[in-house]
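Below, the structure written as structure tokens:
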């Protein structure tokens, strides 16, 4: 039966559609593997057993196919396969991990079960930053829980950790504050710089707009109808160009043409810089205020700051014909002229009665105001003349521009006054400079060039504020460097004398204050050569070399007097003379040595003079002490030799004053002390009185 099935599956399995091909039921079990232990499973669980391999065929195509079919084995199990074992290892339970995580989240109860907050196994309680950041933290309860079972060493370690955390937080806070302050100052400076640039740009744009408008109006005025149609006949094409360079020449030509064509106009409108003609409104008719009847022919001219009304009159017929052959039959005579800010020009189109034909006031304007507060009505000769609308528009523009300029001048004047008050309130000493204050009040906004940038006087005040801060904090080097910078800035402003005087006055005041501070420091540290050299260098840079020299030598003189007064005479004259001479000549030697190292060589003559005066003062003391001894005696000789030996110390600094010691000392007599006192320099009375006391 099996052979028959095999034949069917191999020969005709693909042709017969009713029966599907058979499948291999299981793996082939090797018979030589030996007996296996029972697995304890039923036959149903083990599945169908594989059928035995059919015997080989003798030959033929069918046998070859069978051999090829059974030549491959599937699911060959290894020799050590145990069917009784579990198919896969069991997974560990997740409950223990959840329990461990829940234990980590619990607050610490004892040293043995502490977490990161207070783990005793890790070397004592630890600082938990997250717990400290909790806003609901109760410090007493937290410390009691953390340190309940901690030892004294662990408590100290925990305290030191908290101190380190506090210091780190403090340093971080200071660093953050410093960075924020630095960024704020930087942003403020950038904003101030941007504000100044925007202000400059706004002024430039306003000036460009004004120039463009003026050029356009002037060009239209020149290209349009002139005075009687001929106002622009004297202008060339070069003067008609819309160029800023030719604007002044164009305006001058307009004013000259106005003076030529309108008689008496120069009396009302003198030629001033910037004055020009904006519009020639053409012919008009003056109306009576009560009856609105025509009175006389007029012509209106609008300037940038005035409104000129000229009357048209006929020329005399008895004039020479040759003279007036090419002249017009009428002439213009200036009649009235008002400043645009003193009058009000009103459009009369909405007034009057239009029931009987044309409204007489439809093309009329009223000029109201002036010195006598009068009103005049003018109407165009032609009905619906466009000159009226253009005139009203130009008048409004010019009035707004004049008011804007006036407001700008007032603001500039107020700003100048505020600046003067600001400077005077900050520096009362500036009130003594009356001329400088008056000059500053006349200037609206003074600008100086600093490192290629334009700065105002407020910038100078900011520099002075920083200088005052350096002086107050006794930052001498920074203060001296800033004073030198401001002095060089003032020296470079040769073309701006006012700013130079202002900066020089401010700098000189701070320079004197800083010099007084350095001199006081020099006097207190005159016995330290390094500090003395630094102080003298600062005073030299500030320009107070003489004051430094005088203060230093005076301090050394006071030191000699103080040390000599500490020498007390106790009956032994030789010991007393030895002490006095040693004090004098040692201090003189040290002073000369320090002077040579700290001061420039040209000042050495002052030090030599000072040393000579101190030797004379010592001679006065020596003469008074030896006044009771006979010249040539043993005591007298020993005292003189001791003094000269000590004076030999000055040879180390290039001075030999041994010959001056004991000079002009008289032997025992009545007026030895008085003679020595008379030879002593002025101001020695205090020394003699102190020694006598």
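Residue numbers (UniProt numbering): 1 to 693.
Quick reminder that beta carbons are idealized off the backbone N, C-alpha and C, glycines included.
Along the alpha helix (DSSP H) that carries residue i, what are the first and last residues, could you check?
i           : result
residue 619 : 604–625
residue 465 : 457–472
residue 694 : The requested residue 694 does not occur in the structure, where the chain is confined to residues 1 to 693.
residue 255 : 247–261
residue 659 : Run containing residue 659: none; DSSP gives neither H nor E here.
residue 139 : 139–146
residue 590 : 573–598
residue 132 : 129–132
On the DSSP bridge assignment, give the partners of residue i in chain order.
i           : result
residue 297 : 285
residue 266 : In the DSSP output, where bridge partners are listed per residue, residue 266 has none listed.
residue 336 : 309
residue 302 : 279, 307
residue 66  : The partner list for residue 66 (beta bridge, DSSP) is empty, contrary to what the question assumes.
residue 330 : 314
residue 500 : Beta-bridge pairing links residue 500 to no other residue.
residue 397 : Residue 397 is not bridged to any residue.
residue 453 : 450
Need the endpoints of the beta strand (DSSP E) that residue i sits in, please.
i           : result
residue 364 : 364–369
residue 374 : 374–380
residue 493 : From DSSP, residue 493 is part of no beta strand (DSSP E); its letter is neither H nor E.
residue 347 : 343–347
residue 447 : 447–450
Assuming residue i and residue j are in contact, meaning their beta carbons sit under 8 Å apart, how far apart are those beta carbons, in whole angstroms?
i           : j           : result
residue 548 : residue 523 : Wrong, their Cβ atoms sit about 10 Å apart, outside the cutoff.
residue 310 : residue 277 : Their Cβ separation, rounded to whole angstroms, is 12 Å, which puts residue 310 and residue 277 out of contact at 8 Å.
residue 387 : residue 380 : 6 Å
residue 275 : residue 286 : Contact doesn't hold; Cβ gap of about 25 Å is too wide.
residue 514 : residue 542 : 6 Å
residue 467 : residue 510 : 5 Å
residue 305 : residue 402 : 6 Å
residue 161 : residue 127 : 5 Å
residue 265 : residue 307 : Between residue 307 and residue 265 the Cβ distance is about 12 Å, and since that is not below 8 Å, they are no contact.
residue 329 : residue 314 : 6 Å
residue 481 : residue 471 : Incorrect: roughly 12 Å between the Cβ atoms, too far for contact.
residue 662 : residue 640 : 5 Å
**Message:** What ranges does the alpha helix (DSSP H) occupy inside the segment 503–569, keeping only unbroken runs of at least 4 residues that lie completely in it?
**Reply:** 529–542, 545–565
**Request:** Would you be able to state if there are at least three C-beta pairs under 8 Å between the segment 478–493 and the segment 502–519?
**Result:** yes
**Prompt:** Would you say the segment 299–309 touches the segment 273–289, given that touching needs at least three Cβ pairs under 8 Å?
**Reply:** yes
**Prompt:** Looking at C-beta atoms only, is the number of pairs between the segment 602–615 and the segment 625–638 that lie closer than 8 Å three or more?
**Reply:** no
**Message:** Using a Cβ distance threshold of 8 Å, determine whether the segment 143–163 contacts the segment 177–186, with at least three qualifying pairs required.
**Reply:** no
**Message:** Between the segment 190–198 and the segment 249–263, can you find at least three pairs of beta-carbon atoms closer than 8 Å?
**Reply:** no
**Message:** Taking contact to mean 3 or more Cβ pairs, one atom from each stretch, closer than 8 Å, check whether the segment 561–574 and the segment 519–539 are in contact.
**Reply:** no
**Asked** Between the segment 253–263 and the segment 359–378, do three or more beta carbon pairs fall short of 8 Å?
**Response** no
**Request:** Report yes or no: do three or more beta-carbon pairs, one from the segment 494–503 and one from the segment 530–539, lie closer than 8 Å?
**Result:** no
**Message:** Whether or not the segment 608–626 and the segment 573–582 are in contact is what I'm after, with contact meaning three or more pairs of Cβ atoms, one per stretch, closer than 8 Å; do they touch?
**Reply:** yes
**Prompt:** Is the number of C-beta pairs between the segment 645–657 and the segment 582–589 that are closer than 8 Å three or more?
**Reply:** yes
**Item:** Complete runs of the beta strand (DSSP E) confined to the segment 143–219 [at least 3 residues]
**Value:** none
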